[in-house]
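Asks:
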Amino acid sequence: MKLQHYLGGLEGLPEITTLEKRVFVEGWEKRIFGIHVAMMGLSNHLGSALPGYPIDEVPTTFKDEWTWADLRTGAEAMNPFDYFKYRYYEKWLGGITQFFIDKGYVTEEELTARMAEPAPTETETKPQIDDQVIAYLRNGDSPRRDVAHPKFAVGERVRVTNVPAGSHTRLPGYLRGRVGTIERIFEGDYAYFVHTGDGIGDPMPVYAVAFDPVEIWGPRAEPGPETLYAELYEAYLEPTKEQS
1 MKLQHYLGGL EGLPEITTLE KRVFVEGWEK RIFGIHVAMM GLSNHLGSAL
51 PGYPIDEVPT TFKDEWTWAD LRTGAEAMNP FDYFKYRYYE KWLGGITQFF
101 IDKGYVTEEE LTARMAEPAP TETETKPQID DQVIAYLRNG DSPRRDVAHP
151 KFAVGERVRV TNVPAGSHTR LPGYLRGRVG TIERIFEGDY AYFVHTGDGI
201 GDPMPVYAVA FDPVEIWGPR AEPGPETLYA ELYEAYLEPT KEQS
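Residues in the sequence shown are numbered consecutively from 1, following UniProt numbering.
(1) Would you please state the rounded distance, in angstroms, between the beta carbons of ILE96 and HIS36? I believe it to be under 8 Å.
(2) Using only the alpha-carbon positions, how far apart do ALA235 and ALA113 sit?
(3) Over the uninterrupted alpha helix (DSSP H) stretch that includes VAL214, give me the two end residues.
(4) Restricting to Cα atoms, I'd like to know which of LYS21, SER48, TYR207 and THR169 is closest to GLY74.
(5) Identify whether MET39 lies in helix, strand or coil by the three-state DSSP scheme.
(6) I'd like to check one pair, GLY201 with TYR192: are the Cβ atoms closer than 8 Å?
(7) For MET39, does the count of other Cβ atoms within 10 angstroms reach 16, so buried, or fall short, so exposed?
(8) Tell me the residue span of the alpha helix (DSSP H) that contains MET99.
(9) Tell me which same chain residues have a C-beta within less than 6 Å of the C-beta of ASN162, skipping the five on either side of it?
(10) What residue range does the beta strand (DSSP E) around THR181 cover?
(11) Please report the Cβ distance between LEU42 and GLN132, rounded to the nearest whole angstrom; I am assuming they are in contact, meaning their Cβ atoms lie under 8 Å.
(12) Using three-state DSSP, classify GLY74 as helix, strand or coil.
(13) Hey, how far is the Cα of LYS63 from the Cα of ASN44?
(14) Please work out which residues of its chain come closer than 8 Å, Cβ to Cβ, to GLY199, disregarding the five sequence neighbours upstream and downstream, and give them in chain order.
(15) Taking HIS224 as the reference, which of PRO213, TRP28 and TYR88 has the closest Cα?
(16) Could you say which of GLU20, PRO59, THR240 and ASN139 lies nearest to THR125 if we only look at CA atoms?
(17) What's the C-alpha gap between GLU108 and ALA116?
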């Protein structure tokens with residue numbers, strides 16, 4: 001498991017010396033945010049998404065799928081030393097750049113050549129592309145695909161699985177193997193737009209699970225009536241031994 005998947009349970013991390021409050025620190029960060037938004041609004045999975053989008057009618061040369069899951073995969077797949085060295089949008093830039101290289105939209109040589117050129121000016125886009133991206137920004141893409149079909153019930157004790165983590169996971173490392181109680185079952189079966197290889201991707205129930213801090217941190221947990229809650233996909237949960 002990569003270090004960036006385990007931060008919630010680590011101790012002794014360096015104290016934060018600066019807390020940047022600006023959303024964008026440099027001008028290029030706005031551009032990479034805009035590129036990401038356009039990629040999401042033109043992703044080919046929107047043809048079967050909810051609500052329906054006429055993506056096949058949009059005259060774009062972008063013919064691949066791009067979601068938040070793809071962005072997170074690109075960032076979390078980085079070497080841990082690089083992951084903690086770069087700022088937020090620098091990770092975005094690295095993930096998006098590698099995606100375009102891997103998919104053949106641009107080569108490393110072309111990128112190197114463009115870096116020596118002046119900053120690009122604004123270019124016009126086709127109205128259909130603008131309309132599609134704006135519609136996506138307004139309506140989004142719901143991951144809900146059905147009513148919930150839960151395997152576990154409210155009040156049931158469950159153990160968090162310890163499935164192998166690939167380049168991206170939605171399971172916090174510090175919860176692996178811990179036992180909690182189902183507090184809530186969300187109303188639908190929810191898809192995760194990318195199959196991460198650790199069990200999620202297809203629609204499934206999502207639960208709010210309550211954990212006693214002592215279960216997670218042992219005697220080092222701070223005293224008091226505290227509870228930790230985590231929203232977890234069903235694939236990340238299993239019955240405890242007494243219930244199996």
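We put the CB at the ideal spot given by N, CA and C, even for glycine.
Replies: So, from the listed chains and residues:
(1) Right, their Cβ atoms sit about 6 Å apart.
(2) Looking at the two C-alpha atoms, the distance is approximately 45 Å.
(3) Unbroken alpha helix (DSSP H) run through VAL214: 213 to 217.
(4) The candidate whose alpha carbon is nearest that of GLY74 is THR169.
(5) Residue state, collapsed to three classes: helix.
(6) In this structure, GLY201 lies closer than 8 Å to TYR192 by Cβ.
(7) Burial is judged here by how many other beta carbons sit within 10 angstroms of a residue's own beta carbon; MET39 has at least 16 and is buried.
(8) Rather than Met, the amino acid found at residue 99 in this sequence is Phe. PHE99 -> alpha helix (DSSP H) spans 88 to 102.
(9) Here ASN162 has ARG176 and GLY177 as same chain residues with Cβ atoms under 6 Å from its own Cβ, once five neighbours each way along the sequence are excluded.
(10) According to the DSSP assignment, THR181 belongs to the beta strand (DSSP E) that extends over 179 to 190.
(11) Contact between LEU42 and GLN132 holds: their C-beta atoms lie close to 6 Å from each other, under 8 Å.
(12) In the three-state reduction of the DSSP assignment, GLY74 falls in the helix class, which pools H, G and I.
(13) Taking the straight line from one Cα to the other gives about 6 Å.
(14) Result list for GLY199: THR161, VAL163, TYR233, ALA235 and TYR236, in chain order.
(15) Position check: residue 224 holds Gly in this sequence, whereas His was assumed. Ranking the options by Cα distance to GLY224, first place goes to PRO213.
(16) Out of GLU20, PRO59, THR240 and ASN139, PRO59 has the C-alpha closest to the C-alpha of THR125.
(17) Near 13 Å, if we compare the C-alpha coordinates of ALA116 and GLU108.
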